[in-house]
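Below is one structure, written out as structure tokens; the observations come after it.
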Amino acid sequence: MKINVILCLAFLACLLYPSEAIPEICNLPAKPGMCKGFFPRYHWDPETNRCEKFIYGGCSGNKNNFDTITECIVACGSENQIL
């Protein structure tokens, strides 16, 4: 019985305090840039904890800018996000 309690507490600790922090680039805001291109991209939104689609203009963006949702999830997201 004691071991079950310890295992449950350890599991909860892993959920509440993940060992890997989200990379700093994932906290950057979506930045469409100043150019007038029309490139569908994905960025990590720390408020929703999801990869969100946005339109990138083609220049002056930042690193929170991924070609595919899969790239975004691998870099910033969680495996709980549905593709």
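Taking mature numbering (1 follows the signal peptide of the UniProt record, and there is no 0), I'd label the letters of the sequence shown as residues -21 to -1, 1 to 62. For glycine and all other residues, C-beta sits at the position ideal for the given N, C-alpha and C. Just so it is clear, the structure is predicted and the values come from calculations on it, not from any experiment.
Suppose you measure from the CA of residue i to the CA of residue j; what does that come to, to the nearest Å?
i, j, result
"Asp46", "Arg20", "5 Å"
"Ser(-3)", "His22", "Because the pLDDT of Ser(-3) is 48, which lies under 50, any placement of that residue in the model is unreliable, and the number read from its coordinates should be weighed accordingly. Rounded to whole angstroms, Ser(-3) to His22 spans 22 Å at the Cα level."
"Asn43", "Ala(-1)", "16 Å"
"Ile37", "Lys15", "Strictly speaking, residue 37 in this sequence is Gly, with Ile absent from that position. Cα to Cα, Gly37 sits roughly 7 Å from Lys15."
Leaving aside the five residues before and after residue i along the sequence, list all residues of the same chain whose C-beta is less than 8 Å from its C-beta, in chain order.
i, result
"Ile34", "Pro11, Phe17, Phe18, Pro19, Arg20"
"Ala54", "Pro2, Ile4, Cys5, Trp23, Phe45"
"Ser57", "Asn28"
Please look up how many angstroms separate the CB atoms of residue i and residue j, rounded, as I've assumed it's under 8 Å.
i, j, result
"Cys30", "Ile4", "That belief does not hold up - the Cβ atoms of Cys30 and Ile4 are roughly 13 Å apart, past 8 Å."
Is residue i close to chain D? Criterion is C-beta to C-beta, closer than 8 Å.
i, result
"Glu50", "In the structure shown, chain D does not exist; there is a single protein chain."
Under 8 Å between the Cβ atoms of residue i and residue j?
i, j, result
"Leu7", "Asn28", "no"
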